[in-house]
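Presented below is the structure to which this report refers.
Residue numbers (our numbering): 411 to 663.
This is the structure:
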């Protein structure tokens, strides 16, 4: 209980979500792998008007897999078939001069072609891929590995990774909060930098051990990492809502 209270104390209050709500969805069985990288490596990918959000003197790149469930327009019900799919993304962490934090996606692999095409029209770098997930939510005494495999079409990059969560642990350290308490994304759209806000309750985060890791997505995105990830986390998931985008003031592409 003390660990849970500690995690809650570190978790920042999400900002109020600008109305209207444009999308409601759940992210389930999330696996987070993170590596330390030089700030200069992340800066190359930041849209105009934002900079890398540094923690412990470094930028961080994440490889994250989860199951999208019940995504729907506004606060309506999930869209059948298209609202539920597997996703694996590679992302960096961004910050505006006023302190607004977000993520910058280098790639988002998904196995629903209409979703990929629609998202790319909005400037989000989705990639159509074959993605498989496996594992069951760990019980009180633990369980087997949970993971994801990605195979891009036309012999593109691939990835396979899995972790074994420790359900008795609670990850409430500052780095875990830094890479998961993210309430928006920064992206380029028609020559402008935009921020798309979202909100959700604190992740139920558990420490985990890497079971398997063979990744080509991070290097395909233009970043090189070496050795095992410094942060390995698992979460059963959260429900989240997205609000109306805004243009980042003073950003010129």
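Positions of the beta carbon are idealized from the N, C-alpha and C atoms, including for glycine.
As computed with DSSP, residue 475 is found in a beta bridge with 441, 498.
Pairwise C-beta distances place the region 466-479 in contact with the region 437-447, as three or more of them are shorter than 8 Å. The C-alpha of residue 582 lies about 16 Å from the C-alpha of residue 647. The C-beta distance from residue 538 to residue 523 rounds to 5 Å, short enough to fall under 8 Å.
By DSSP's assignment, residue 540 forms a beta bridge with 561. Per DSSP, the continuous alpha helix (DSSP H) segment holding residue 589 begins and ends at 584-590. In the assembly as shown, residue 515 is a buried residue. Its beta-carbon has 16 or more other beta-carbons within 10 Å. Within the same chain, and ignoring the five residues on either side of residue 557 in sequence, the residues whose Cβ sits closer than 8 Å to its Cβ are 441, 475, 543, 544, 545, 570, 571, 572, 573, 621, 622.
Collapsing the DSSP output to three states places residue 534 in coil. Boundaries of the alpha helix (DSSP H) around residue 449: 449-453. Residue burial annotation: residue 427 is buried, with at least 16 other C-beta atoms found within 10 angstroms of its C-beta.
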